[in-house]
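For the sequence shown, this note's numbering gives the first residue as 3, with consecutive numbering after it.
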Amino acid sequence: MKNFIAFVVTLLLLLPAYGLTEIKDIITEGDYNMGDGETPSVAESRALLNAKRIALEQAGTYIESYSKVKNFQLVEDEVKVLTAGMIEVTILDKKRTIVGDGFRFWVKIKAKVKLAKMEDMAKAVKEKSIIEDYKKIQQEYVKNQREMDKLKKELALEHEEKAKKKVETRIAAEEKLFQANEWFEKGLYHTIGREDDKAIEEYTQAIALNPDYVEAYIYRGAAYYNRGTFSSDPGQHELAVKDFRKVVAMKQGTYLAHLSQGAIYVYHNEYKKGIEEINKAIALNPNEGMAYVIRGFIYMQEKNKDPEKAIADASRAIDIGGLWIAMAYSNRGVTLLFEKKQYDRAIDDLSRAIEMTPRNAPAYLARGIALAFKGEFNRSIEDVNRSIELNQKIPIAYNVRGLIYAQMRNPRAIADFQKACDMGFAEGCSNWEKSLKNR
Numbered sequence: 003m004k005n006f007i008a009f010v011v012t013l014l015l016l017l018p019a020y021g022l023t024e025i026k027d028i029i030t031e032g033d034y035n036m037g038d039g040e041t042p043s044v045a046e047s048r049a050l051l052n053a054k055r056i057a058l059e060q061a062g063t064y065i066e067s068y069s070k071v072k073n074f075q076l077v078e079d080e081v082k083v084l085t086a087g088m089i090e091v092t093i094l095d096k097k098r099t100i101v102g103d104g105f106r107f108w109v110k111i112k113a114k115v116k117l118a119k120m121e122d123m124a125k126a127v128k129e130k131s132i133i134e135d136y137k138k139i140q141q142e143y144v145k146n147q148r149e150m151d152k153l154k155k156e157l158a159l160e161h162e163e164k165a166k167k168k169v170e171t172r173i174a175a176e177e178k179l180f181q182a183n184e185w186f187e188k189g190l191y192h193t194i195g196r197e198d199d200k201a202i203e204e205y206t207q208a209i210a211l212n213p214d215y216v217e218a219y220i221y222r223g224a225a226y227y228n229r230g231t232f233s234s235d236p237g238q239h240e241l242a243v244k245d246f247r248k249v250v251a252m253k254q255g256t257y258l259a260h261l262s263q264g265a266i267y268v269y270h271n272e273y274k275k276g277i278e279e280i281n282k283a284i285a286l287n288p289n290e291g292m293a294y295v296i297r298g299f300i301y302m303q304e305k306n307k308d309p310e311k312a313i314a315d316a317s318r319a320i321d322i323g324g325l326w327i328a329m330a331y332s333n334r335g336v337t338l339l340f341e342k343k344q345y346d347r348a349i350d351d352l353s354r355a356i357e358m359t360p361r362n363a364p365a366y367l368a369r370g371i372a373l374a375f376k377g378e379f380n381r382s383i384e385d386v387n388r389s390i391e392l393n394q395k396i397p398i399a400y401n402v403r404g405l406i407y408a409q410m411r412n413p414r415a416i417a418d419f420q421k422a423c424d425m426g427f428a429e430g431c432s433n434w435e436k437s438l439k440n441r
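Laid out in structure tokens, this is it:
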């Protein structure tokens, strides 16, 4: 009997957690009355936004409960951002009806709460700038709607055609700002989910509608930077620098300007100037992870090498949490690997980076090297193979795999050294010559 009671108690304790792993569907409706001067597509988007708001309120309670079960320790604002980023909306039905002199747009949606990647996203929303930018978007929606209501009243009172045209022009401008905010919001959620390709497309749409959208430039620049780092494509870093230059021009003297200028200096290998700018950024805002990741990266470079400072900055970025935590783990792992020879700790950090960014070719390569130093050659080869699958343009990866094969006395080493040499990697050429002599 005691065993049965214990079983029942255990089952009851598990039930809430089990139930919360299910994907929940929420059905809501929203409407919007379109006036003169407005376009149907934007009016429908406003109706959709109203339906989403209701869905988010319902989903927020669900996400908050789930996050408590998982012990994510999220505050109210973080729950709101996480919820908004985790629902997938499908329009079930929509109608357009005549109301007075205008049209009423109505939509019915299904919002599906998706729990995949929630743990990583819960870490990403810890970044203060994400919360602030989410709040700003919501405030802009409210401000935009107030302005639209005001303009519609003005238009209704105007009788002269010229005056009406002026008001209609202002309405069109407000609609563009609304659409820009929509695209930016979509990009923000894909940034939180580490989907850089989608985020870049959406920030680009936001910038096309609002060329002065400074937040879109900084996030798109960061996404380009990530894409360039994971793919070893310098062209992506060049695009990032262009966006950062825009931020510097628009936000002189601010945290974002110093951060962006620091990133530009790093791109041009002007590390001393880079540190000066990043220090200024940190002085203005000491609780954003991106600045510590950039400064830590500078401390990893040969002319500025300081492993202790590099590790300290990466650790600070990890403690802060947010979007840059994966890169912080990767940088700390690389420093522990090459400078401290602490292979187990390096593997732990690089594994965390890979969990969060599964297409991170450099992290796989570094972990493969750490495993090789431990003599775990088969696992090492698996990681280096994965690195090459993700990015076939890194000659050092072929050289590393060749060295591991050589340790295993596997003749495949020769082909890998030759490949590295063909790609212009000098060490690959010397290893190829040695392997040919010794075979």
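Glycine is no exception: its CB is placed at the ideal position from the N, C-alpha and C atoms.
| Check | Outcome |
| --- | --- |
| Integer Cβ distance of Ala363 from Leu352, believed to fall under 8 Å | Ala363 to Leu352, Cβ: 12 Å. No contact. |
| Residue from Asn52, Gly323, Ala225 whose Cα sits closest to the Cα of Val91 | Asn52 |
| Residue burial classification, Glu435 (beta-carbon count within 10 angstroms, cutoff 16) | exposed |
| Neighbour-count burial assignment, Leu159, 16 or more Cβ in a 10 Å radius | exposed |
| Burial state of Gly230 (16 or more Cβ within 10 Å) | buried |
| Assigned secondary structure, Trp434 (DSSP; H/G/I helix, E/B strand, else coil) | helix |
| Burial state of Glu24, where buried means 16 or more other Cβ atoms lie within 10 Å | Unreliable placement is indicated for Glu24, whose pLDDT of 47 sits below 50; no coordinate value is reported for it. |
| Residues near Cys423 by beta carbon distance below 6 Å, same chain, minus five either side | Gly430, Cys431, Trp434 |
| Which listed residue (Ile322, Met120, Ile93) has its alpha carbon closest to that of Asn287 | Ile322 |
| Cβ contact (3+ pairs, closer than 8 Å) linking the stretch 150-165 and the stretch 304-323 | no |
| Residue span of the beta strand (DSSP E) that contains Asn35, given as start and end | 27-36 |
| Contacting residues, own chain, Cβ-Cβ under 6 Å from Tyr366 (five flanking each side not counted) | Asp385, Arg388, Ser389 |
| Spatial distance of Ala316 from Lys128 (CA atoms) | 16 Å |
| Residue interval of the beta strand (DSSP E) (run including Phe107) | 104-115 |
| Own chain residues within Cβ distance below 6 Å of Ser332, not counting five before or after | Ala355, Ala365 |
| Cβ neighbour criterion (16 or more within 10 Å) applied to Ile396 | buried |
| Leu325 in three-state terms, based on DSSP | coil |
| Euclidean distance between Cα positions of Gly102 and Lys112 | 29 Å |
| Of the listed residues Met120, Val268, Glu304, nearest to Tyr191 (C-alpha basis) | Met120 |
| Secondary structure of Ile416, DSSP reduced to three states | helix |
| Environment of Asn401 [buried if 16+ CB atoms lie within 10 Å] | buried |
| Nearest to Leu438 (by Cα), restricted to the options Ala428, Ala417, Phe427 | Ala417 |
| DSSP state of Thr231 mapped onto helix, strand, coil | helix |
| Residue from Glu46, Lys114, Ala374, Pro309 whose Cα sits closest to the Cα of Leu58 | Lys114 |
| 8 Å Cβ cutoff met for Lys248 and Tyr219 | yes |
| Identity of the residue in Thr30, Leu339, Ala399, Gly237 nearest Ala372 by Cα | Leu339 |
| Same chain, Cβ closer than 7 Å to Ile264, neighbours up to 5 away in sequence not counted | The displayed chain sequence assigns Gly, not Ile, to residue 264. For Gly264, where only same-chain residues beyond five positions count, the Cβ hits under 7 Å are Gly276, Glu279, Ile280, Ala283, Ile296. |
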